[in-house]
Structures are given as C-alpha cells and as structure tokens.
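Below is one structure, written out as structure tokens; comments come after it.
Residue numbers (our numbering), protein chains in the order written: chain D, 3 to 284; chain B, 3 to 133.
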C-alpha cells in the first residue's frame, strides 16, 4: 500500500512563500495498491493535481472516499480532471445524512451561484454511496468508516490489506468527548478505526495553547493527536490538517512538540504531512 | 477486519454530556446494558459507577425495588427505562426506590431513546429527578 499526500492544509488553501515546504492545498490523500486499486481520500484542492496524474497513468476506475462535506474537503472536486472524462467511472463514498442523499448534498457545490455546470452534466460516470455501517471491500482492500467527533456528519476511514493497515482521520476532536489518556479506548472517538494501525494520518491543527481558544471547533491539539496515537497503539503518526496561519517554520515547531510529547512511545517519531510525501506500507 | 470494540459515538458523546451534568443521569446501550451513570446519580443510587461497572440494566434497576409512589407494585415493563428500550419512545414515571445505602427515596424518572439515524437505535438516557 502506498499513501501519497496531495494536500494537507486545513480549512482553506494557503499558497505562498511561507508554506512552500509543507504545501497549501487542502485535504487529499491517495492510497494506491500494486493491483491498480486507487482510493482517493477527500477532495480538497490537492485533488486537482492528483486528477491530472491519474489520467496520465491511465486510471479509469477511481473510488473517492469523503470524510465529510466541509468545503476544504470538497472544493477540489469540481476541478478533478477525471470527473470531466467520459471514460472514467467515479464511485464517491461519504457519510449518510437524514435529510438529503450524498449526491444531492454534493450537487449543491455544482450549482449557481457557486458553479456553472450541474453535477448531472459532468461526463464521468459517477455513482454515490453512503458508507456502510459495517466494513466492506473494494477490490482487495478492506475499508471501514465510523463517525467521529467533528461538527456535522463526519467519518474517519480504516483501510487494510492482508499485510498492512492505515487510518485516515483528518478532522477529529476526540478530546471533546473527554480526556484521552487514562480512559478505556471503548470510550474514545475513532479508537476502533485507528487501533493498532501501521500508519495514522490524524488531525493536529493546533498547538496546545491555540486549542484552548478553539475547543469545539472540531480539531485536535498536537498533544491530543499524540495522546490518541498512544491510546490506540498506532504505529506512525502523520500530523495533518495544518492550521492555515502556520508557516513552515511554525509547523516544524509543532513537529518538534509532537516528538517531545511522543518521546518514550517507542516506534516512529511523529512527522508532518507534506505535499508529495509518500508513506510506503508493506 | 478485526478492530477493537468501541462504544457508538452517540454514547461517547452522551457520556461526556452526562458527566458534566449536575442532574443524575444514566446511559444504557441498545442491548439494555448499563454503561454509565454520572456522579450526581451516585447520590441517588448510593454507589459510584466504578464499583458497579457495566451490567444488565434490568438487574441493576431491580436491586432498587422500584415501586409506585405509594409503594405499590410496578411491573418491570412499566419502568421508564424499559419503555424507552422496548418501545423506543420517551417515558416518565414517579417512583419510590430503596437505594444501595438502604435509604428510601422518591424520584421521578424520565427516559428517552437515542437514535444515531432514524433506523439506528443505539441506547437510552435516563434522568432522575429527586422529589
């Protein structure tokens, strides 16, 4: 399994000289397998470059797994080149809602005054799926999705092959449901998804003092990301959903803080997600 | 895929909500298992949750000998918690109980079901109002 970061910024794109190293595109991660299976996680602005790359590689069958429909996870979809190619089959998975289907909710982003082309007029063959409540398979990959603490219906994903496991929980505030350390993981949001995975991409938007001013906004402090990783016994922690105000310099301070907090955990030190970063799993 | 068992997110959030309330509150899962009650409830039931742990709600409830306010019999299916679990609707009743500390108390109980989705029942919340 190869996990490639195409966008790791939180909330809003942040292009500019201060974000060149880690990137300014919003959430998008590609999971690819040797058998050609392609899963795309979220459709932030990072999906735009990924789309051209997928077409160059001749990909015609793509699964897009959305964690939720906040704009920073959806805004790139309209500029995803495979969507505009009639040879492409695109399966879009996302959290269910009581009121509108997944397709109806996404269609809002493809309607006036936000966008000139209606979703039903895109050339690709698009199919929408509510994520199942039990695990399911796509080709030889096993997936599970569960709701996690974040405003509005939001899921995280666990992705497994026979030899490796990976969890993607980019927007998550587990501490809002109580202290993480010292609590049974039965009572920790997202714990089942991330339990024992080889690699975990997790929200670490804030320094601890920033988080104190933003409790309830749906994101984690670096300390909570490390505590969550420790609680669930995940291997490698990739710090994700970078705060828009954080320059590359500040992000590296946040990474230092994560490593300080994780000292003694054993295993990998936490690392910052960076556009172009590839995590190879067996 | 084997993943570690975890409570439903709605129960996790309900527990955190209850743990911050001064009103005695308990939570049971969809199988009728008591999974949590808060500190305020300890003063009603007479024991901290840490001592009791998770157990069948009916078994736990029966230990308080719930009865009508005039100490008449109350069949189990008429308990608000049972109604919320079985019929998945809100219920309210005035009760007399004998707490674990041996003290007889008059309480009112309001119980209601928790649905994560319209067709996904995940448990109940019961609130005790002391007379």
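All residues carry an ideal CB built from backbone N, CA and C; glycine is no exception. For clarity, every value in this text was computed on a predicted model and none was experimentally measured.
Candidates the options: closest to residue i by CA position
i: residue 205 of chain D; options: D:226, D:197 and D:188; result: D:226
i: residue 15 of chain B; options: D:180, D:207, D:274 and D:187; result: D:180
i: residue 39 of chain D; options: D:276, D:139, D:195 and D:238; result: D:139
i: residue 134 of chain D; options: D:127, D:145, D:126 and D:124; result: D:145
i: residue 148 of chain D; options: D:108, D:120 and D:190; result: D:190
i: residue 70 of chain B; options: B:26, B:110, B:93 and B:32; result: B:110
i: residue 74 of chain B; options: B:34, B:99 and B:37; result: B:99
i: residue 162 of chain D; options: D:18, D:155 and D:33; result: D:33
i: residue 42 of chain D; options: D:23, D:24, D:58 and D:63; result: D:63
i: residue 94 of chain B; options: B:130, B:125, B:102 and B:63; result: B:130
Run of the beta strand (DSSP E) containing residue i, from where it starts to where it stops
i: residue 148 of chain D; result: 143-149
i: residue 93 of chain D; result: 91-96
i: residue 115 of chain B; result: 106-119
i: residue 132 of chain B; result: 122-132
i: residue 100 of chain B; result: 93-100
i: residue 162 of chain D; result: 157-162
i: residue 103 of chain B; result: Here residue 103 of chain B belongs to no beta strand (DSSP E), and DSSP marks it neither H nor E.
Strand pairing of residue i, partner residues [DSSP]
i: residue 30 of chain D; result: D:9
i: residue 38 of chain B; result: B:29
i: residue 213 of chain D; result: Note: residue 213 of chain D sits in no beta bridge, so no partner.
i: residue 57 of chain B; result: B:36
i: residue 169 of chain D; result: D:160 and D:202
i: residue 69 of chain B; result: B:98
i: residue 130 of chain D; result: D:94
i: residue 282 of chain D; result: D:4
i: residue 240 of chain D; result: D:203 and D:273
Neighbour flag for residue i against chain D, beta carbons, 9 Å
i: residue 53 of chain B; result: no
i: residue 35 of chain B; result: no
i: residue 97 of chain B; result: no
i: residue 106 of chain B; result: no
i: residue 94 of chain B; result: no
i: residue 90 of chain B; result: no
i: residue 15 of chain B; result: yes
i: residue 44 of chain B; result: no
i: residue 11 of chain B; result: yes
i: residue 118 of chain B; result: yes
i: residue 7 of chain B; result: yes
i: residue 41 of chain B; result: no
Closer than 9 Å to chain B by CB, residue i
i: residue 23 of chain D; result: no
i: residue 223 of chain D; result: no
i: residue 226 of chain D; result: no
i: residue 193 of chain D; result: yes
i: residue 289 of chain D; result: A question about residue 289 of chain D goes unanswered here, because the residues of chain D that appear run from 3 up to 284.
i: residue 135 of chain D; result: yes
Alpha helix (DSSP H) segment containing residue i, residue limits
i: residue 226 of chain D; result: 224-234
i: residue 17 of chain B; result: 11-21
i: residue 254 of chain D; result: 250-264
TODO: For the stretch 95-115 of chain D, enumerate the residues whose C-beta is nearer than 8 Å to any C-beta of chain B, in chain order.
DONE: Going along the stretch 95-115 of chain D in chain order, one finds 98 and 100 with a Cβ nearer than 8 Å to chain B.
- [ ] Using a Cβ-Cβ cut-off of less than 9 Å, list which residues of the stretch 55-67 of chain B approach chain D; keep chain order.
- [x] Shown here is that no member of the stretch 55-67 of chain B has a Cβ falling below 9 Å from a Cβ of chain D.
Task: Chain-ordered residues of the stretch 68-86 of chain B with a beta carbon less than 9 Å from chain D - done: Residues of the stretch 68-86 of chain B with a C-beta less than 9 Å from any C-beta of chain D: none at all.
- [ ] Compile a chain-ordered list of the residues in the stretch 153-165 of chain D whose CB is closer than 8 Å to at least one CB of chain B.
- [x] If the cut-off is 8 Å between Cβ atoms, the stretch 153-165 of chain D has 160 and 162 near chain B.
Task: Proximal residues, the stretch 140-152 of chain D versus chain B, C-beta separation under 9 Å - done: Listed by position along the chain: 144, 145, 146, 148, 149, 150 and 151.
- [ ] Name, going along the chain, the residues of the stretch 171-191 of chain D whose beta-carbon falls closer than 8 Å to a beta-carbon of chain B.
- [x] The residues in question are 178, 179, 180, 187, 188, 189, 190 and 191.
Task: Chain-ordered residues of the stretch 17-28 of chain B with a beta carbon less than 8 Å from chain D - done: Answer set for the stretch 17-28 of chain B: 17, 18 and 21.
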